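Residue numbers (this note's numbering): 268 to 662.
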């Protein structure tokens, strides 16, 4: 038998279960343990960056007289720690000990988020050996130019990895190569303040050269990275199962999109791209197939309304959401579509026009809003009256 409770109730139990006067609460915990094995709390998130609560929470959770003695299993979804901001420099080691003590009780730990600013946690070999069963790992603020003793991580079940940092990408490369089960990868990279841009640096090759993932379905790359021509043929074969792609790089060569088409890799779930100007290769790729559900484009310079219109027509039967921003008189498109409610918003330089639909995709009403959010006009109309207006945007 398994009983599940919300995280708020678990936090209340943990904080109060070690108070000597709370005999009734401890009796309740014992009774629950006797009828529920395992005793499961779902969606628990411990964030040790909270000074006021987390220190007491961890102490009560792992102490011999605390809450852990009353339960067999705790289902923890996410653990976020950053010792410096919680306890201060003098108590970093105490935080480390608390984390090590609490890990054995977190038998269903799934996700860990860690800041590299706290080197004592990041470099703790004993801690990471206890976390080998996690499936999601997020590392932020990594400084690749500072020498640091890094533990040999072994995370064979890792499916989701998020990394952000500066300087060398060697450690990011090591993380990417941790698991063959990796399906989601998010990397945000910036040049170190002491570095100069190197247009010939093979950042993407360094990042993926140790990659062993055979089923990568979601990829997001952003920051001061340029995808080189020589890296295209190395990267594309790793993406044969890709369904979601987000790129915000300094440059992406047209050969990348041609190679994606040649390998039969067509993004069907989510496509997001920032580009300096409309590139024919991008639109040719997106118009070479159908079935895209979510489209996000940012065009910093130039204008190509005809290609945008063709793209919208190509995927209009499956599109759920569209967000296109470009520097023209028509500044931004927004389109949301679902089975119950569909809407389209076209954002001009001076006004926003909302066109709201029924679930049968018939147009229900129109609202004109100025930049300050004030509604200037709202009118309901029959589908036959508004359909020509809708067609002018969608056709």
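Cβ coordinates follow ideal geometry from the N, Cα and C atoms, glycine included.
Just so we're clear, the structure is a prediction, and the values are computed from it rather than from any experiment.
Asked: Would DSSP call residue 469 helix, strand or coil?; Found: coil
Asked: Can you name the start and end residues of the beta strand (DSSP E) that residue 410 belongs to?; Found: 403-410
Asked: Mind the definition here: the segment 439-450 touches the segment 420-430 only if three or more C-beta pairs lie below 8 Å; say whether that holds.; Found: yes
Asked: Ignore the nearest five residues each way along the sequence and tell me which others in residue 483's own chain have a CB closer than 7 Å to its CB.; Found: 449, 450, 452, 505, 506, 508 and 509
Asked: By DSSP, does residue 488 sit in helix, in strand, or in coil?; Found: strand
Asked: Are the beta-carbon atoms of residue 562 and residue 589 separated by less than 8 Å?; Found: yes
Asked: Does at least one heavy atom of the ligand ATP sit under 7 Å from the Cβ of residue 412?; Found: Ligands are entirely absent from the displayed structure, and the ligand ATP is therefore not among its contents.
Asked: According to DSSP, is residue 372 part of a helix, a strand, or is it coil?; Found: helix
Asked: Of the choices 542, 574, 584 and 575, whose alpha-carbon is the least far from that of residue 557?; Found: 584
Asked: Can you tell me which of 376, 428 and 574 puts its alpha carbon nearest to the alpha carbon of residue 400?; Found: 376
Asked: Leaving aside the five residues before and after residue 409 along the sequence, list all residues of the same chain whose C-beta is less than 6 Å from its C-beta, in chain order.; Found: 383 and 432
Asked: With H, G and I counted as helix, E and B as strand and the rest as coil, what does DSSP make of residue 556?; Found: coil
Asked: Classify residue 396 as helix, strand or coil using the three-state DSSP reduction.; Found: helix
Asked: Between which two residues does the beta strand (DSSP E) containing residue 592 stretch?; Found: 588-592
Asked: Start and end of the beta strand (DSSP E) containing residue 541?; Found: 537-542
Asked: Determine the closest residue to residue 581 out of 555, 393, 565 and 564, with distance taken between C-alpha atoms.; Found: 555
Asked: Work out the CA separation of residue 294 and residue 474 for me, nearest whole Å.; Found: 53 Å
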